[in-house]
Structures are given as structure tokens and as C-alpha cells.
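Residues 5 to 165 in my numbering are what the sequence shown spells out, letter by letter. Ideal Cβ positions, reconstructed from N, Cα and C, are used throughout, including at glycine.
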Amino acid sequence: MNPILKVLLVILLILVVVFVVLYFLGRKMQKKQAEQQATMDAVAQNLSLYIIDKARLKPAEANLPKIVVDSIPKYMRRFKLPIAKVKAGPRIMSLICDEQVFAQILPKQEVKATVSGIYITSAKRIRGPIPEPKKKKKFLDRFRKKTAEAAAADTTNKKNS
5 MNPILKVLLV ILLILVVVFV VLYFLGRKMQ KKQAEQQATM DAVAQNLSLY IIDKARLKPA
65 EANLPKIVVD SIPKYMRRFK LPIAKVKAGP RIMSLICDEQ VFAQILPKQE VKATVSGIYI
125 TSAKRIRGPI PEPKKKKKFL DRFRKKTAEA AAADTTNKKN S
């Protein structure tokens, strides 16, 4: 048998094994996520919240309860989470937001939110400003703007000379 063919068969066999392992791990994680989602839906409650501030903070800086910070895996403690500082009735607390909710809410805004523990899963605006989505700059637009500014600067330098 050709040695190149043997190497290709070994690589193919390894790839098949990796894909099978990933398939079963993915199914297991999907089941776990479905159970967690069902638990979050069961304990969810609707609250009226006044958003004081929102920011992306590390869990240690976010003024979250100590038990929550301790339960976060060590590799996740370095990442910044979307945190909203809210007033619910007389209490001021920090809550973790879903990414879509974090983009929707603005500071100094009253919202009707679905909260599950310390996690805001959805929010609808009651009063306050309407959030305007930020326009994403396209990669090439930055260069076009710079080249246009450079061209304008060159023409003014030629006129002054």
C-alpha cells in the first residue's frame, strides 16, 4: 500500500472520530441548555425596572453577590459581562443582561422586564428615550474616508505651493 494513502486514511479516521465525539458532546450540551432554559422560565418574573446605568464589567467589579461571583468558572472571571444597574422599587441592584436586551435598553429609561434570578431575559420600554442602533462602520469605509481626507489635504497643499 502506498505510504501517502496510509497517512490519508489515518487522518481521515482521526477526523471521523473527532466529528463523532463532537456530535455526541453537542447533543449532551443541547439537552443541558434546554433543562437550564426550562428552569429559568419557571422562576422568571415580570418587574418594572428603572435603568440607572449599563456597562460591560468583570464579575468582580460588577457589585454582584459574592455567591454568584464564586460560582462563575475561573476562566470566565476575566471576561466582561453586560451589567445593568437598575432600581426595582426601593432597591438598587446590579443585574446581568442578555446580549439582545443590553443593546435595547438605555440608561435613564423605565422598562418592563422579565427577570430570572439576577438575569434579565427580556425588556420592553415603558418610558424614556428610544434606543437608536449604532451604525457599524464597514471595514473599507475607514480606508475610503482616510484616502478622501488625504486627497483633500494633498490638493490644498498643492494650491498653497
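Beta strand (DSSP E) runs contained entirely in the region 21-70, provided each spans 3 or more residues: Inside the region 21-70, DSSP marks whole beta strand (DSSP E) runs of 3 or more residues at positions 49-61, from first to last along the chain.
Cβ contact check for the region 48-59 and the region 85-105: 3 or more pairs under 8 angstroms: These segments touch.
Rounded separation between residue 12 and residue 108 - CA only: As a working note, residue 12 is residue 8 in the sequence shown. As a working note, residue 108 is residue 104 in the sequence shown. One C-alpha to the other measures close to 50 angstroms.
Beta-carbon contacts of residue 97 that lie in its chain and below 7 angstroms, excluding the five residues immediately before and after: Within the sequence shown, the letter at position 93 stands for residue 97. Contacts found: 90.
Euclidean distance between Cα positions of residue 118 and residue 52: Numbered from its first residue, the sequence shown carries residue 118 at position 114. Numbered from its first residue, the sequence shown carries residue 52 at position 48. Approximately 9 angstroms, taken between the alpha carbons.
Contact under 7 angstroms by Cβ, residue 115 with residue 95: Indexing the sequence shown from 1 puts residue 115 at position 111. Indexing the sequence shown from 1 puts residue 95 at position 91. Residue 115 places its beta carbon 7 angstroms or farther from that of residue 95.
Close Cβ partners of residue 64 (< 8 angstroms) along its chain, the five nearest in sequence each way excluded: Here residue 64 refers to the residue found at position 60 of the sequence shown. Excluding positions up to five away in sequence, the list reads 73, 81.
For residue 97: DSSP bridge partner residues: By 1-based counting over the sequence shown, the position of residue 97 is 93. Answer is 90, bridged to residue 97.
Close-in-space but distant-in-sequence residues of the same chain around residue 66 (CB under 6 angstroms, 5 per side omitted): Position 62 of the sequence shown holds residue 66. Excluding sequence neighbours, residue 66 sits near 87, 98.
Burial state of residue 26 (16 or more Cβ within 10 Å): By one-based count along the sequence shown, residue 26 stands at place 22. So residue 26 ends up on the exposed side.
For residue 78 and residue 61, believed in contact at Cβ under 8 angstroms, the rounded distance: Walking along the sequence shown from the start, residue 61 turns up at place 57. Walking along the sequence shown from the start, residue 78 turns up at place 74. Going by Cβ atoms, the distance from residue 61 to residue 78 rounds to 17 angstroms, so no, they are not a contact pair.
Whole-angstrom distance between residue 131 and residue 69, CA atom to CA atom: Here residue 69 refers to the residue found at position 65 of the sequence shown. Here residue 131 refers to the residue found at position 127 of the sequence shown. For residue 69 and residue 131, the distance between alpha carbons rounds to 29 angstroms.
Sheet register partners of residue 118 (DSSP bridge): Translated into the one-based positions of the sequence shown, residue 118 becomes position 114. Per DSSP, 50, 126.
CB of residue 71 within 7 angstroms of CB of residue 100, strictly: Stepping through the sequence shown from its first residue, residue 71 is reached at position 67. Stepping through the sequence shown from its first residue, residue 100 is reached at position 96. No, Cβ-Cβ distance for residue 71 and residue 100 is not below 7 angstroms.
Any non-hydrogen atom of the ligand FMN within 6 angstroms of residue 95 CB: Although the ligand FMN was asked about, the structure shown includes no ligands whatsoever.
Limits of the alpha helix (DSSP H) - the one that residue 106 falls within: Within the sequence shown, numbered from 1, the residue matching residue 106 stands at position 102. 103-108 is the span of the alpha helix (DSSP H), which, as asked, contains residue 106.
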